[in-house]
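Residue numbers (this note's numbering): 918 to 1034. Only one structure is covered here, and it is reproduced in the block below.
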Amino acid sequence: MTRARARDLNVCGVTAAISVIDGKWKTALLWLLESGPYRPGELRRQLPGLSEKVLTQALREMEEDGLVHREVHDVLPLRTEYSLTGFGRELSEALAPLSDWGHRRLEKLAGPLVADG
């Protein structure tokens, strides 16, 4: 899905919502930020495999979409923290039932192994 779809007024609501969490890392970032503010380095340590470039891009897009707040503390060296906005928290809460469904699906897939008879 393209970033342009995130601003397209002629799509259904589900598509509009999915367009702002599209990608490998955004849902994981939402999940982490639910617990409070994080510095970028802390986010990278929590998500092995996430490069600094991709993290920066995802956080910028999430900030542009109104999901996260970026706060730069005026200390040396500069300290930046990211936290969920109220809008981001709403999205996270809206995704909770979908997460529950996903866990049930995984349990169903892993269900009891049927022995060949």
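Each residue gets a CB set at the ideal place from its N, CA and C atoms; glycine is no exception.
What's the call for residue i, buried or exposed, on a 16-neighbour Cβ count within 10 Å?
{"i": "W1018", "result": "exposed"}
{"i": "A975", "result": "buried"}
{"i": "V937", "result": "buried"}
Under 8 Å, do residue i and residue j count as touching if we go by C-beta distance?
{"i": "E1114", "j": "E1010", "result": "Summary: the structure shown does not reach residue 1114, with the chain confined to residues 918 through 1034, and so no result is reported for it."}
{"i": "G1005", "j": "V985", "result": "yes"}
{"i": "L947", "j": "L1008", "result": "yes"}
Keeping to the same chain, check which residues put their C-beta closer than 7 Å to that of residue i; ignore five residues upstream and five downstream.
{"i": "Q963", "result": "L949"}
Could you name the residues of the same chain whose beta carbon sits closer than 8 Å to that of residue i, not counting the 5 residues immediately before and after it, in chain order?
{"i": "H990", "result": "R996, T997 and E998"}
In three-state terms, what does DSSP make of residue i?
{"i": "L1001", "result": "strand"}
{"i": "V937", "result": "helix"}
{"i": "V989", "result": "strand"}
{"i": "R996", "result": "strand"}
If residue i and residue j are in contact, beta carbons under 8 Å, what's the gap, nearest whole angstrom?
{"i": "E969", "j": "R961", "result": "7 Å"}
{"i": "L972", "j": "P957", "result": "6 Å"}
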